[in-house]
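Below: the structure, in C-alpha cells.
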Amino acid sequence: MYSVLIFASIFAVALARPGSLPEGVDGHVAVTQSSVGTYKYSVLLRDSSRNEERLADGTIIGQYTIPSPQGPQTFKYVADQNGFRILEGPVPVAPVAPVPLQAVQVPETLNLVVPSLQSPGFFVDHPNLQTQPLVSIQDTPEVKAAREAHLAFHRAAAERV
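Numbering (mature numbering (1 follows the signal peptide of the UniProt record, and there is no 0)), first residue to last: -16 to -1, 1 to 145.
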C-alpha cells in the first residue's frame, strides 16, 4: 500500500502545473512511515498541495488545496471510526427543489403480477391483486450453446487433473 502511495505522489509531481514553486522545480514530495503503520506525506505542486498523516490508532488527518475559479480552495479532513469528514472547506450544499412535490393519486385496483404458488402455507388473499401462474424462464439458443461450451471446458479441465 505504501509503495502505491509513494508512486501516486511522484506521479502527481510529474503532472505539476505552473504556480508558486521556484523556477525549474515542478514539485516537492516528502514521505515518512513507521513500522507501526503510521505515516506522513506531503506533496507540494505549483497549483496544489496535500498533507496527510496516519496516527497509531488508524485515524487519518490531512488537508489539500486545489485551484478553482474562486481562488485556491483548502479542505481539511479526518477519517476515523466515524468515517470520512470534511472539517473545513467549501463543502457544496444540495440545491433546494424548485417546485414542491405533488401528491400522486393511487388507483383503487392495482394490476400487480403475483405468482400463485402451490406450496402449503403460502397464499395471497387480497381483492385488489390479480394473480398469474408462475412461468419458468426459458434459455435462448445462444445461452444454451454458451452454457454447453462452458461446461465442456470444465469437463475437459477435470479430465486433465
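Even glycine gets a Cβ: it sits at the ideal position worked out from N, Cα and C.
Cβ shell of residue i (< 6 Å), same chain only, five flanking positions each side left out
i   : result
A63 : I44
Residue i - DSSP class collapsed to helix/strand/coil
i    : result
A14  : strand
R131 : helix
R139 : helix
E7   : coil
P79  : coil
P51  : coil
R144 : helix
P125 : helix
Per DSSP, the bridge partner or partners of residue i
i   : result
G46 : E36 and Y61
S26 : A14 and N35
G21 : Bridge partners of G21: none, in fact.
G67 : D64
E72 : K60
Nearest-angstrom beta carbon gap, residue j and residue i [assumed within contact, 8 Å]
i   : j   : result
G11 : L28 : 6 Å
Y61 : I70 : 5 Å
Min CB distance residue i to chain B below 7 Å
i  : result
P6 : In the structure shown, chain B does not exist; there is a single protein chain.
Any non-hydrogen atom of the ligand MG closer than 6 Å to residue i Cβ
i   : result
V80 : With respect to small molecules bound, the structure shown includes none, and the ligand MG cannot be examined in it.
Neighbourhood of residue i by C-beta, 7 Å cutoff - its chain only, sequence neighbours within 5 removed
i   : result
T22 : R38, L39 and A40
A68 : Note on identity: in this sequence residue 68 is Phe, with Ala being the wrong assignment. Here the set comprises Y61.
Sequence-distant residues of its chain with Cβ nearer than 8 Å to residue i (five each side left out)
i  : result
G8 : none
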